[in-house]
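Just below is one structure, and these are the notes that go with it.
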Amino acid sequence: MIYSNDYKIGIEDIGINSEATNKALLAIMQDVSALHSASIGYGVLEIETKKRAWMLLDWKMKVIKRPKYNDEIKAETWSRKVERLYAYRDFQLKDKDGNIVAIGTSRWIFVDTDRRRPVRLTADIADLYESETDKNVFLEEMEDIKSGDYLFKKDYCIQRRDIDINQPMHNLSYLDMAYEILPDNIYNNKVFHNIRIVYQKEILIGENVEWYYEEQ
């Protein structure tokens, strides 16, 4: 089952040359995935009663043609496969002419919100999403990220603005942090069309974290 929703690139979504930022495109992907889950009874408004929520583990995005201010975007998403503990979801964003402007893939776990622990994905849950097992936006699965020697680091205390509705740090706040640590010459002159984010541990308000910058 392919779920879709329409969006428009607003003033808050743009950066250099009035083009959509990576954060804006990832926010669209995140939003359409939440709407898809809501359509089958496991959305944001059902978390309180069902005590279940989807937690993002990692994702990858590739921008093919960056949208500009006021462009209309159709976001499509689908469940690609469901394993015992992991669910994989793909995305594609299209312009008004139907051309694909960005693609993405992601991996999720289903969490018991009271115990803060993952729960097994049973067939009755998986069947609701009607996985499109033969529709992949990338030929390969997401690769591991290997760390090397860092060049420098920064310290940061997690603020209220960084937190999402489930209390840990919001998925997209990690991207904000990554941009903050970039050297000025890279931040001001380079556009990143390929984004890869891995979440290894929940970060809560008030926690002190260290950011490390390295080049590969």
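Going by the numbering used here, the residue at position 169 of the sequence shown is 166; the numbering climbs one at a time, nothing skipped. Just so it is clear, CB atoms sit at the ideal spot from N, CA and C, and this is done for glycine as well. Only a predicted model underlies this, so the values are computations on that prediction, with no experimental measurement involved.
Using a Cβ distance threshold of 8 Å, residue 183 and residue 58 do not count as a contacting pair.
When the beta-carbon positions are compared, residue 60 and residue 102 stay at least 8 Å from each other.
With a cutoff of 8 Å on beta-carbon distance, residue 63 and residue 16 are scored as near each other.
Annotated as distal: residue 99 and residue 2, with beta-carbon spacing of 8 Å or more.
Residue 201 carries a coil assignment under DSSP once its states are collapsed to helix, strand and coil.
Contact between residue 53 and residue 196 holds, since their C-beta atoms are separated by about 6 Å, short of 8 Å. In this structure, the beta-carbon distance from residue 147 to residue 211 falls below 8 Å. With respect to residue 76, residue 36 sits apart: the two C-beta atoms are not nearer than 8 Å.
Around the beta carbon of residue 159, a 10 Å sphere encloses 16 or more other beta carbons of the protein chains shown; the residue is thus reported as buried. The alpha carbon of residue 74 has as its nearest neighbour, out of 157, 86 and 81, the alpha carbon of 86.
Residue environment analysis places residue 84 among the buried positions, since at least 16 neighbouring C-beta atoms fall within 10 angstroms of its C-beta.
With a minimum length of 4 residues, the unbroken runs of alpha helix (DSSP H) contained wholly in the region 114 to 138 fall at 120 to 126.
Per DSSP, residue 110 lies in no alpha helix (DSSP H) segment and is marked neither H nor E. For residue 203 and residue 169, the gap between their C-alpha atoms comes out near 18 Å. The C-alpha of residue 7 lies about 12 Å from the C-alpha of residue 25. The beta carbons of residue 200 and residue 55 sit about 15 Å from each other, so the pair does not count as a contact at 8 Å. By the criterion of a C-beta distance shorter than 6 Å, residue 69 is surrounded in its chain by 5 and 93, once the five residues flanking it on both sides are discounted.
When only Cα atoms are considered, residue 126 and residue 149 end up about 43 Å apart. Beta-bridge annotation (DSSP): residue 73 is paired with 1 and 89. As for any beta strand (DSSP E) of minimum length 3 sitting wholly inside the region 16 to 57, there is none. Within its own chain, the residues whose Cβ lies closer than 8 Å to the Cβ of residue 130, once the five positions on either side in sequence are excluded, are 77 and 78, listed in chain order. For the 8 Å CB-CB criterion, residue 155 and residue 110 do not form a contact. For the set 177, 12 and 28, the Cα lying nearest the Cα of residue 0 is the one of 28.
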